[in-house]
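K.L.:
One structure follows; several queries about it will come next.
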Amino acid sequence: MEMTLRWYGKEFDTVTLEQIRQIPGVKGVITTLYDTKPGEVWSRERIKAMKDEVEAAGLKVAGIESVNVHEDIKLGKPSRDQLIDNYIETLKNLGEEDIHMVCYNFMPVFDWTRTELARKRADGSTVLAYTQEAVDALVPEEMFNSISSDTNGSIMPGWEPDRLAHVKELFEEYKDITDEDLFENLKYFLERIMPVCDKYDINMAIHPDDPAWPVFGLPRIIINKENIHRMMKMVDNPHNGVTFCSGSYGTNLENDLPDMIRSLKGRIHFAHVRNLKFNSPTDFEEAAHLSSDGSFDMYEIVKALYDIGFTGPIRPDHGRMIWGEKAMPGYGLYDRALGATYINGLWEAIEKSHERGV
Ligand code: DNO
6 MEMTLRWYGK
16 EFDTVTLEQI
26 RQIPGVKGVI
36 TTLYDTKPGE
46 VWSRERIKAM
56 KDEVEAAGLK
66 VAGIESVNVH
76 EDIKLGKPSR
86 DQLIDNYIET
96 LKNLGEEDIH
106 MVCYNFMPVF
116 DWTRTELARK
126 RADGSTVLAY
136 TQEAVDALVP
146 EEMFNSISSD
156 TNGSIMPGWE
166 PDRLAHVKEL
176 FEEYKDITDE
186 DLFENLKYFL
196 ERIMPVCDKY
206 DINMAIHPDD
216 PAWPVFGLPR
226 IIINKENIHR
236 MMKMVDNPHN
246 GVTFCSGSYG
256 TNLENDLPDM
266 IRSLKGRIHF
276 AHVRNLKFNS
286 PTDFEEAAHL
296 SSDGSFDMYE
306 IVKALYDIGF
316 TGPIRPDHGR
326 MIWGEKAMPG
336 YGLYDRALGA
346 TYINGLWEAI
356 EKSHERGV
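Here the sequence shown stands for residues 6 to 363, where the numbers follow our numbering.
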């Protein structure tokens, strides 16, 4: 595996490349052109400038999170062909700049969803949290307003104002879209992009729906083992793979995370590793990465990745806000750095036990 940290670019992130460079074992960043809109072509020049900046700090661009998919593609509208052509052009430009992993998602309207961005924990840290009861009590527009008013001044990924300016109309458009339609539209998209992925060896890594169940009645399909395998079989190409995000699949306690990882050998192109603490099956908060702080056995998760020979980029995921830091919720420096160090420690121990046969 290759340890990385997510970085939003100098204009959007409170964390600097120089700080990231000092986290032991972190060699690369997962980044994006955060000011581009879904459907826009990323120019080769801008991709190169981003790469040069990262490399000048002694790091590499280990992959992109995300090249967002336009809603018309998810909805299967006639305009999708032009938008997919643009997506292909972006992939080609990334490939020509020697970038080979792209994370994306296929969630209607909303990306990940949380109901609190700063729930206080017993240790005084604050974390992102979710309760189904709070979602059930909200209409989608209120959800957007409550998220955007509580972000420490940052633009949250997936909650960009442009994306959400048309929430109401989008809900109207999704009214008759079923899971089956969404699978069909994803298949159409994947079939069209696979040739450029083959040509430039680009691994597409679909991010799971978070939480892993329908929210506000919108269809959500990338939620469990059965559906991911269906997705991979319907366009059976090694470049059609997944982002294994423990914190997203883990929202559904029926998902056996190590078992899912083992079943995805060769198709996990990117890993997000984090822990959740469940207070009830529909109330969870994001814990420190350490197993004992949450509900997951992080050793088993990392071991499963090791056992399938995972070599792709991995990153600690959302961290707690600690030590007085002010940053984008989930994306401060300190707790993610602790997370990276912890995952590195687990990996080293697992690797050495394996090599020494203990
Ligand atoms: C949240 C992230 C997601 C993820 C996208 C991938 O913090 O995990 O926004 O980046 O779903 O497209």
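All residues carry an ideal CB built from backbone N, CA and C; glycine is no exception.
The ligand FAD and Asn-208: does any heavy atom of the ligand fall closer than 7 Å to the residue's C-beta?
P.N.:
Judged by which ligands are present, the ligand FAD is missing from the structure shown, whose ligands are the ligand DNO.
K.L.:
Using a Cβ-Cβ cut-off of 6 Å (strictly less than) and excluding sequence neighbours within five positions of Gly-100, which residues of its own chain qualify?
P.N.:
Once the five neighbours on either side are set aside, the close Cβ partners of Gly-100 are Tyr-205, Ile-207.
K.L.:
Just to confirm the assignment, what range does the alpha helix (DSSP H) spanning Thr-346 have?
P.N.:
339-360 is the span of the alpha helix (DSSP H), which, as asked, contains Thr-346.
K.L.:
Taking Thr-248 and His-212 to be in contact with their CB atoms under 8 Å, please state how far apart those CB atoms are, rounded to whole angstroms.
P.N.:
Correct: roughly 5 Å between the Cβ atoms.
K.L.:
Taking the beta carbon of Ser-297 as the centre, do at least 16 other beta carbons fall within 10 Å, making it buried, or is it exposed?
P.N.:
So Ser-297 ends up on the exposed side.
K.L.:
Would you please state the rounded distance, in angstroms, between the beta carbons of Ile-198 and Ile-93? I believe it to be under 8 Å.
P.N.:
Between Ile-93 and Ile-198 the Cβ distance is about 6 Å, and since that is below 8 Å, they are a contact.
K.L.:
Checking 8 Å against the spacing of the C-beta atoms, do Pro-216 and Val-172 come in under that value?
P.N.:
Cβ atoms of Pro-216 and Val-172: not closer than 8 Å.
K.L.:
Would you mind giving the Cβ-Cβ distance between Glu-291 and Leu-133, rounded to the nearest angstrom? I have them listed as a contact below 8 Å.
P.N.:
Confirmed, Cβ separation roughly 5 Å.
K.L.:
Provide the residue(s) that pair with Thr-36 in DSSP beta bridges, ordered along the chain.
P.N.:
Its beta-bridge partners are Ile-69.
K.L.:
Can you tell which of Ser-159, Lys-15, Ser-153, Phe-194 has the C-alpha that lies nearest to the C-alpha of Pro-83?
P.N.:
Closest by alpha carbon: Phe-194.
K.L.:
Restricting to runs no shorter than 3 residues, where is the beta strand (DSSP E) found entirely within the stretch 214-278?
P.N.:
Whole beta strand (DSSP E) segments, 3+ residues: 245-250, 273-278.
K.L.:
With H, G and I counted as helix, E and B as strand and the rest as coil, what does DSSP make of Ile-319?
P.N.:
Strand, per DSSP.
K.L.:
In angstroms with no decimal places, state the Cα-to-Cα distance between Gly-222 and Glu-353.
P.N.:
So the alpha carbons of these two residues sit roughly 43 Å apart.
K.L.:
Spell out the partners DSSP gives Val-132 in its beta bridges.
P.N.:
BP columns for Val-132 point to Arg-124.
K.L.:
Using the C-alpha atoms, what's the distance from Ala-123 back to Ala-293?
P.N.:
Straight-line Cα distance between these residues: approximately 14 Å.
K.L.:
CB Asp-128 to CB Pro-162, shorter than 8 Å?
P.N.:
No, the Cβ-Cβ distance between Asp-128 and Pro-162 is not below 8 Å.
K.L.:
Could you give the DSSP three-state label for Ile-182: helix, strand or coil?
P.N.:
In the structure shown, Ile-182 sits in coil (DSSP, three-state: anything other than H, G, I, E or B).
K.L.:
Express the C-alpha separation of Thr-287 and Thr-9 in angstroms, rounding to a whole number.
P.N.:
Their Cα atoms are separated by approximately 30 Å.
K.L.:
Using a threshold of 8 Å, state whether the C-beta atoms of Thr-316 and Met-6 are closer than that.
P.N.:
Yes, they are a contact pair.
K.L.:
Any idea what DSSP makes of Ser-159, helix, strand or coil?
P.N.:
Looking at Ser-159 - three-state DSSP - the assignment turns out to be coil, as it is neither helix nor strand.
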